[in-house]
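Asker: I'd like to ask some things about the structure below.
Printed below as a string of structure tokens:
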């Protein structure tokens with residue numbers, strides 16, 4: 004899943020940050036993050 008250049012990791016982290024900002028930490032699931040990324 005993680006590419007050698009770390010692109011996938013960065014996409015996941017960026018999407019998590021956006022979802023946390025929108026909905027709050029406790030309202031976001033890992034599934035939501037990975038589906039959105």
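In the working numbering, the protein residues as written are 4 to 40. Where a beta carbon is used, it is the ideal one built from N, C-alpha and C, also for glycine.
Near residue 35, what residues of its chain come up, given a Cβ to Cβ distance below 7 Å and the 5 sequence neighbours on each side ignored?
Answerer: Only 22 meet the Cβ criterion.
Asker: To the nearest angstrom, how far is the alpha carbon of residue 16 from that of residue 30?
Answerer: Between residue 16 and residue 30, the C-alpha separation is close to 16 Å.
Asker: For residue 39, I'd like the list of residues in its chain whose CB is within less than 6 Å of its CB, leaving aside the five on either flank, ordered along the chain.
Answerer: Once the five neighbours on either side are set aside, the close Cβ partners of residue 39 are 18.
Asker: Reducing DSSP to helix, strand and coil, say where residue 40 ends up.
Answerer: Here residue 40 sits in coil by DSSP.
Asker: So, at 7 Å on beta carbons, what are the nonlocal neighbours of residue 20 in its own chain, with the 5 sequence-adjacent residues on each side left out?
Answerer: Closer than 7 Å at the Cβ level, and outside the excluded window around residue 20, lies no residue.
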